[in-house]
Every structure is written in structure tokens, then in C-alpha cells.
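S.K.:
Numbering (my numbering), first residue to last: 379 to 532.
1) Which runs of the beta strand (DSSP E) at least 3 residues long sit entirely within the stretch 408-444? Give them in chain order.
2) Alpha carbon to alpha carbon, how far is residue 489 from residue 506?
3) Is the distance from the Cβ of residue 496 to the Cβ of residue 513 below 9 Å?
4) Please list, in chain order, all residues of the same chain as residue 515 whose beta carbon is under 6 Å from its beta carbon, the five residues on each side excluded.
5) In three-state terms, what does DSSP make of residue 383?
6) Please identify the residue among 431, 521, 387, 437 whose C-alpha is closest to the C-alpha of residue 466.
7) Measure the alpha-carbon distance for residue 390 versus residue 477 and round it to whole angstroms.
8) Whose CA, out of 385, 523, 509, lies closest to the CA of residue 449?
9) At the level of alpha carbons, what is the spacing between residue 421 and residue 493?
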């Protein structure tokens, strides 16, 4: 069983199993997205709120971080970075441009390179739009500098 260590602002630590942590974060995030119209948060969401607070951006970042362990998103991202001459930022913008009709190529040569990268992304994600969306969100955490150890500490 995979465990996640949660640290409250007062230093109190608890170890929760991965699935419970993920579901609690998902519940708490759903509540924070619409507090005006939301029902009372679940008991488990209230429990995790003591560890993660009520900053929706932070809760989303933690949820995306944990989601990266589902379907091996970290491994997929590693494969894309290993097999690419692109930077993480370039890869992120290419992923964002997939199925985006507003994308405007700048040159034919760059378009061929971009198409090869898209083919590799589609291969790694098995052409699954949901996996691509989740992988893009995870990549965004790296690009924005949110995913580093100092942000993950309690």
C-alpha cells in the first residue's frame, strides 16, 4: 500500500493511504470550487483541509501532483522529455496546441518537427484525450515551477 505523509501547519503528521488522500483532495477541491452553492464538505474533506488549507490553487496543485502517479503520468512525461530535444516549456505548449484549431504554425520546417513531437505524445498517451489533459496539467506544474520540494513541504 502506498502511503502519503500529510503535515499540518502545527507540525502534526499523519500517514494516509494514497487512494484516500486522492479522494479526500478531490472532494475538498470540489467543495472549494463552488463554496457558495456547495453542500457541506464530507468528513474526509474536512479532515484533509486541516493539512492542505483552503487555498484552491494549492489544493489543485496537490491533486495534480497525486494524479501524476495514476496511469504512470510521471513515466510518460519522462519518456517525452528523454526522447525529445524540446524543453519542458516547448513540450507544454505543443501539448496545449493539440486539437487546438487556433494554432498557427510559423514555418514548414518547425511544423514537421512539431508533428513528430505530437505523434510521440499521441503514442505515449495512446491517443487518449483525458490522459493528454492530465499530462498537460502535470507538465504545467513543472513549467510554472510549482512542482518542487519546497512547495510540497508542510
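Beta carbons: idealized from backbone N, C-alpha and C, even for Gly.
M.R.: Answer, in terms of the structure:
1) Segments of the beta strand (DSSP E) lying fully in the stretch 408-444: there are none.
2) A straight line joining the alpha-carbon of residue 489 with that of residue 506 spans about 22 Å.
3) Cβ distance not < 9 Å, so residue 496 and residue 513 don't count as in contact.
4) Excluding residues within five positions, the ones whose Cβ falls inside 6 Å are 442.
5) In the structure shown, residue 383 sits in a strand (DSSP, three-state: E or B).
6) The shortest C-alpha separation from residue 466 is found at 521.
7) For residue 390 and residue 477, the distance between alpha carbons rounds to 45 Å.
8) Ranking 385, 523, 509 by Cα distance to residue 449 puts 509 first.
9) Our two residues, residue 421 and residue 493, have alpha carbons roughly 47 Å apart in a direct line.
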